[in-house]
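Have a look at the structure below, then the notes.
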Amino acid sequence: VRELFAATQEARLRGYSAGRFSFNVKGGRCETCSGDGILQIEMQFLPDVYVPCETCQGKRYNREALEVTWKGMTIADVLELQVEDALERFSAVPAIRNRLKTLSEVGLGYLRLGQAATTLSGGEAQRIKLATELARRSTGRTMYILDEPTTGLHFADVDRLLHVLHRLVDGGNSVIVIEHNLDVIKTADWVIDLGPDGGSRGGELIAEGTPEQVAKVKRSHTGRYLTLALKGEPIHSLE
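For the sequence shown, the numbering used here gives the first residue as 5, with consecutive numbering after it.
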């Protein structure tokens, strides 16, 4: 996106490089807030308060950087777009569109482009890493280990994520998922069930095999619910 803004006529006339449109370095960022868009006010005996920067109005950039536009949008406007909206805006820019498409495919279409990493949940952070891998050329020799990647996802987005995971497997890669979601478990090639319970009462191998084989193990809590899930009954999680 920074390179796209640097390629505009206005940016070239001013001699701006792509770095001018980064809020992490001096040049284009607002120096009052160092590109954070917010200011920290220390309250001594109370928790610190964070307020929008009065200089940039929370936009993170200085006036000169915001004077450059692409199709009527400033760099700050672009970073406020959600992934799904940005997909439409950048439909004619393959380098950007393809990356946004992978984010949408893993169920992150609602994120803002400029959203701070510190505001992401663990599941969201994992799916961003997964999207980054999908955007690369697959070697077919990678092992992916994901810890409950469906956390916080709507059922429809779980289906989209499963489609992505199966694409990785079809490409010759291996995917190991630690998960309670039965929609994920029932589509796995191989299930390993540890238990019989959690914490100090767990850690024992209770069952392993295909979902159908695990469903037949009477001692397995997972197997009991998996039996219902394989019949199409609406049970989505073991939690």
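Note that the Cβ used here is the ideal one computed from N, Cα and C, for glycine as well.
When DSSP states are grouped into helix, strand and coil, E152 belongs to the coil group. For the segment 34-96, the full-length alpha helix (DSSP H) segments reaching 4 residues or more read 67-70, 79-83, 87-93 along the chain. N28 is classed as exposed because its beta carbon has fewer than 16 other beta carbons within 10 Å across all chains shown. In the three-state DSSP reduction, N185 falls in the strand class (E or B). G227 and A219 do touch by the CB rule: their CB atoms are close to 5 Å apart, below 8 Å. Considering only Q217, I100, R223, G203, the residue with the shortest C-alpha distance to I210 is R223. Each of G175, I42, F9, S95 was checked against the Cα of R145, and the nearest Cα belongs to G175.
CA-to-CA, the gap between L138 and V53 works out to about 39 Å. For V97, the closest of A129, T123, R6, S204 by C-alpha to C-alpha distance is R6. In terms of Cβ geometry, L117 and A80 do not form a close pair [threshold 7 Å].
Pairing E183 with R64, the inter-Cα distance amounts to about 38 Å. Judged by beta-carbon spacing, P215 lies within the 7 Å limit of V195, meaning their Cβ atoms are closer than that value. Burial is judged here by how many other beta carbons sit within 10 angstroms of a residue's own beta carbon; I45 has fewer than 16 and is exposed. Residue state for E208 is assigned as strand, using DSSP reduced to three classes. In the three-state reduction of the DSSP assignment, D161 falls in the helix class, which pools H, G and I. Counting of Cβ neighbours within 10 angstroms places Q130 among the buried residues, the total reaching 16 or more.
When V173, T154, N102 are compared, the shortest CA-CA separation from G126 is found for T154. Three or more beta-carbon pairs separated by less than 8 Å are not found between the segment 57-74 and the segment 94-112, which leaves the two stretches without contact.
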